[in-house]
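**Q** Quick one: the structure is below, questions incoming.
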Amino acid sequence: MAEIEIRNLGIDYRKPNSDEVFAAVDDISLSIAAGEFVSIVGSSGCGKSTLLLSVAGLVKIARGTITIGGRPVSGPGPDRAVVFQDASLLPWRTVLGNVRFGLEMQRWTGGDLTERAMSMIKLVGLARFADYHPHQLSGGMRQRVNIARALAVDPQVLLMDEPFGALDAQTREIMGGELLRIWEGDKKTALFVTHDIDEAIFLSDKVVVMGRNPGHIKEVIAIDLPRPRTQEILDTPQFTEYRRRLRAHLAADMAGMHFMEEAA
Amino acid sequence: MITDVFMRRQALILGTMSFIIIGVLWQLVVDFGIVNPFFISTPSAVWQELLVQLQDGSLLVNTAATLYSFALALGLAVVVGIGLGVLAGWFRDAEAALEPFIWFKYSAPTVAFYPLFVAWLGYGTPTIVAIAFLFALTPIYANTLSGIKNVDRDLKRVATSFGARPHDIFFRIALPGAVPVIVAGLRLGVGRALTGVVVAELFGANAGLGYSIAYYAQMLQTSRMMVPIVTVILLGVILTQALSYIEKRTEAWRVVHDN
Ligand SMILES: Nc1ncnc2c1ncn2[C@@H]1O[C@H](COP(=O)(O)OP(=O)(O)OP(=O)(O)O)[C@@H](O)[C@H]1O
Ligand SMILES: [Mg+2]
C-alpha cells in the first residue's frame, strides 16, 4: 500500500494545430491515504482523466509534484496499474494471454505467469472463458479482463478511468459491487474516475468534485458509510444526503458552463 | 451460423447460374450468327482446344512458366515490401526517405519501364519477374507501412502503462496489429503480381500463359487463345480467393473499441 500526495499539480496540453499550450488542470492538491478508495467526479472535459493519467505517469507534469509512497512520479511504474475506459484488449490474444500481458511487460518475477493470470481470471469470474478471444466476449466481460490484467501485476495503486462507462446501468451496478468485493480483499489504494454519482458514493471513502477551466478541485467529500457495503445502502438517508450534495455541486458547474456559453 | 451457411450456398448457386447463363448466351449468339466466332470463339470450341492443349502438354508448360515467374515476383515483393514497409512505418526518417520513390511509383505506369528492363536483363524471365515485382510491390509496401504506422494508440498506452519498452511495443502491439492490413495488401499484391507476369509475357517470352495468348493472337486463332486467357482468369480467382480466406481469418485480429 502506498499513499498518494499531489501538490499544486498543473498539466499543460498543446492546443490542436498550434504551439500554444493551455492548462488542462491546475493547482491541484490532494492527499490519498494508503488503502483509501477515492472517486473523482466532474463534468465532461474538466480534467478527470488528465489527473488520473498524471498519477499513472502517462502525461508530463508541468507544475507541482506527485509522490507515491514518498517517491516522486516521473513515469509509469510497477507500483501502479491502470484500468482504462476502453477495455483495450489485444484482439489476437485470449483472455489468458491478455491478463498475462501486463505481467510480461513488467518482467514479473513473482512466480509462474500463467498461474498468476489464471488466479486473477478466476477472481473476476471468467475461469470458463480463459481461452476466448476479446471479440467473443460481452462488453462487461471485456472490462473484467481489463481489471484482471491490472490486478495481476499486484499494484499498490489501482487507477481506474471510467471502467464501467460503456456498460448498461444494471451491469454497471453488478460490476461496482464486484469491484468492491475484490478491493476489500487486499485494500489497494484506488483512484476511480466516474460520471455516476451513485457509483462514486457507493464505492468510495472520499469523493473529489472537480470543476473546469482549468480543471481544479472544488470539494472533497468524505463518505462516512460503513463497510462492507451492499446495494441496500443506496436507499439509506445518509446515502441520499450525499447524493443531494454532489448533485448540487455538479449542477452548479453545469449552470456555470451554460452561463459561459451565453457570454461567449 | 445457419443463415450464414444458407447465404453462402445461395450465393454459390446464383453465381454458378449466372456463369452458366453467360456461357449459354455466348454459344447462342455465335450459333445464331449474331456475332462472328472469329472475335469471341464459342465455349464448345474453347473446350475442344483446352483438351488439345492439355494433351500436348503446352498448357501445363505455359502455366508452370507463369506460376514460376509469379512465385519469384511475389516472393521478392513480399520480402522487400514488408521489409521496407515495416521500416518506413516504424521510423519516420525512413518513411520520408522512401516517399519520393513511392510517389514516383504511384504516378508512373510501371509498364513504361519495360524496354529499360529488357535492356538491362534481356527478354525472358528476369524482365518478367522485375515487372511483376514492381506491380505487386506498391500495395504490399503501402499496407504494411500504414499498418505499422497506425499502431493503435490505446493499446500502445496500455503497454506503456505496464512498462513496455519500444521493442515490446513493436513486436507485441504494432506488428501483430498490422497483420490484417498486411494480409489485405498481400491479396492486392497477388492479383497485381499475376497481372504483371501476364502483361510482361505478352511483350516477350518463350513460354507462359501471356506468351501463349500473344502467340495465338498473332496467328489469329481465337479459340486457341481463349484457353490461356481462361486459365489466367481461373488462376487469378483461385489465388485471390485463397488470400481472401486468410484475410477473413485475420479479421478477428482487428482492434475493436467499446466506445
Ligand atoms: N492529448 C491531449 N491533447 C490536447 N488536449 C487534451 C488532450 N487530452 C485531453 N485534452 C483536453 O484537456 C481537457 C481535459 O480533458 P480530460 O480528458 O482530462 O477530461 P475528462 O474530465 O476526463 O473528460 P471526460 O469526462 O469527457 O472523459 C479537455 O479540454 C480536453 O479537450
Ligand atoms: Mg476522461
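Protein chains in written order, with my numbering: chain F, 256 to 519; chain W, 94 to 352. All residues carry an ideal CB built from backbone N, CA and C; glycine is no exception.
How many angstroms separate the CA atom of F/Ala477 from the CA atom of F/Leu306?
**A** In a straight line, the C-alpha of F/Ala477 is about 19 Å away from that of F/Leu306.
**Q** Who are the near neighbours of F/Gln486 in its chain, counting only those whose CB is closer than 6 Å to its CB and skipping five residues on each side?
**A** Counting only Cβ-Cβ distances below 6 Å, and skipping sequence neighbours, we find nothing.
**Q** Residues in the same chain with beta-carbon distance under 7 Å from W/Thr218, minus the five sequence neighbours each way, listed in chain order, please.
**A** The answer, listed in chain order, is Ser162.
**Q** How would the residue list near ligand 2 read, in chain order, if you kept each one whose beta-carbon is closer than 7 Å to any heavy atom?
**A** Per the Cβ criterion, the list is F/Lys303, F/Ser304, F/Gln340, F/Asp416, F/Glu417 and F/Val448.
**Q** Buried or exposed, going by whether 16 or more other CB atoms sit within 10 Å of the CB of W/Ala205?
**A** So W/Ala205 ends up on the exposed side.
**Q** Within the same chain, show all residues whose beta-carbon is closer than 8 Å to that of W/Val325, passing over the 5 residues directly before and after it, in chain order.
**A** If we look at W/Val325 and ignore the five residues flanking it on each side, its Cβ neighbours are Thr159, Leu287, Val291, Leu302, Gly303 and Ile306.
**Q** Please determine, among W/Val349, W/Arg102 and W/Ala104, the residue with the shortest C-alpha to C-alpha distance to F/His390.
**A** It is W/Val349 whose Cα lies nearest to the Cα of F/His390.
**Q** Which chain W residues sit within Cβ distance under 8 Å of F/Leu388?
**A** Looking at the sequence itself, residue 388 of chain F is His, so the reference to Leu does not match. Ordered by position in chain W, the residues that pass the 8 Å Cβ test against F/His388 are Ala345.
**Q** Which of the three DSSP states is assigned to W/Tyr338 in this structure?
**A** If DSSP states are grouped into helix, strand and coil, W/Tyr338 belongs with the helices.
**Q** Checking contacts by CB at 8 Å: is F/Ala311 closer than that to chain W?
**A** Taking Cβ atoms only, chain W reaches closer than 8 Å to F/Ala311, which makes this a yes.
**Q** Taking the CB atoms as reference points, tell me whether F/Gln411 and F/Ala257 lie closer together than 8 Å.
**A** The answer is yes: Cβ separation under 8 Å.
**Q** So, F/Val400 versus F/Leu381, is the Cβ gap smaller than 8 Å?
**A** Their beta carbons are under 8 Å apart, which means F/Val400 touches F/Leu381 by this criterion.
**Q** Check the Cβ of W/Leu248 against every Cβ in chain F and list those closer than 8 Å, keeping chain order.
**A** The answer, in chain order, is Ser343 and Leu345.
**Q** Scan the region 277-319 of chain F and note each continuous beta strand (DSSP E) run of 3 residues or more that stays entirely inside, going in chain order.
**A** Here the runs fully enclosed are 292-297.
**Q** What span of residues does the alpha helix (DSSP H) with F/Arg427 cover, start to end?
**A** Run containing F/Arg427: Ala424 to Asp441, per the alpha helix (DSSP H) assignment.
**Q** Once the 5 residues before and after W/Val276 are set aside, which same chain residues still bring their CB inside 8 Å of it?
**A** If we look at W/Val276 and ignore the five residues flanking it on each side, its Cβ neighbours are Leu336, Ile339, Glu340 and Thr343.
**Q** For the 8 Å Cβ check, are there 3 or more pairs between the region 316-335 of chain W and the region 143-154 of chain W?
**A** In short, these stretches touch, since the Cβ pair count reaches three.
**Q** So is W/Asp261 in contact with chain F if we call contact Cβ pairs under 8 Å?
**A** True, the Cβ-Cβ gap to chain F drops below 8 Å.
**Q** Quick check on F/Ser309: buried or exposed, where buried means 16 or more other Cβ atoms within 10 Å of its Cβ?
**A** Result: buried.
**Q** Let me know the secondary structure DSSP gives W/Tyr207 once reduced to three states.
**A** Of the three classes helix, strand and coil, the one that applies to W/Tyr207 here is helix, per DSSP.
**Q** DSSP state of F/Asp357, grouped into three classes?
**A** The sequence shown places Gly at residue 357 of chain F, rather than the Asp named in the question. F/Gly357 falls in the helix class under three-state DSSP.
**Q** Beta carbon of F/His450: closer than 7 Å to some heavy atom of ligand 1?
**A** Yes, since a heavy atom of ligand 1 falls inside the 7 Å radius drawn around the Cβ of F/His450.
**Q** Counting only the same chain and skipping the five closest in sequence on each side, list residues whose C-beta sits under 7 Å from that of F/Ala424.
**A** None.
**Q** Taking the alpha carbon of W/Gln146 as the point to measure from, which residue in W/Trp213, W/Val122, W/Val211 and W/Met319 has its own alpha carbon closest?
**A** It is W/Met319 whose Cα lies nearest to the Cα of W/Gln146.
**Q** Just checking my contact of W/Val123 with W/Pro130 at CB under 8 Å: how many whole Å lie between their CB atoms?
**A** Correct: roughly 5 Å between the Cβ atoms.
**Q** Between which two residues does the alpha helix (DSSP H) holding W/Thr159 run?
**A** Residues Ser151 to Trp183.
**Q** Does DSSP put F/Thr349 in a helix, a strand or coil?
**A** In the structure shown, F/Thr349 sits in coil (DSSP, three-state: anything other than H, G, I, E or B).
**Q** Here's the rule: buried if 16 or more other CB atoms are within 10 angstroms of the residue's CB, otherwise exposed. What is W/Gly289?
**A** Looking at its Cβ environment, which holds 16 or more other Cβ atoms inside 10 Å, W/Gly289 is buried.
**Q** Use the C-beta contact count for W/Ile331: other C-beta atoms within 10 angstroms, 16 or more gives buried, fewer gives exposed.
**A** Result: exposed.
**Q** Tell me where the alpha helix (DSSP H) around F/Ala372 begins and ends.
**A** First-last of the alpha helix (DSSP H) with F/Ala372: Leu368 to Leu378.
**Q** Mind pulling the alpha helix (DSSP H) runs of 4 or more residues that sit fully within the region 207-275 of chain W?
**A** List check, alpha helix (DSSP H) in window: 207-214, 218-242 and 246-254.
**Q** Expressed to the nearest angstrom, what Euclidean distance is found between the alpha-carbon atoms of F/Ala519 and W/Ala252?
**A** Annotation note: pLDDT 42 at F/Ala519 (below 50); position unreliable, coordinate value reported separately. About 41 Å.
**Q** Okay, do the region 239-249 of chain W and the region 261-271 of chain W touch, 3+ Cβ pairs below 8 Å being the bar?
**A** The region 239-249 of chain W is in contact with the region 261-271 of chain W.
**Q** Starting from F/Val337, trace the alpha helix (DSSP H) in both directions and tell me its first and last residue.
**A** Not the alpha helix (DSSP H): F/Val337 falls in the beta strand (DSSP E), residues Arg335 to Val338.
**Q** Please list the residues of the region 326-341 of chain F that have a C-beta atom closer than 9 Å to any C-beta atom in chain W, keeping them in chain order.
**A** Here the close residues are Gly330, Pro331, Gly332, Pro333, Arg335, Ala336, Val337, Phe339, Gln340 and Asp341.
**Q** Applying a beta-carbon distance threshold of less than 7 Å, which residues of chain F neighbour W/Val348?
**A** What W/Val348 touches in chain F: Pro346.
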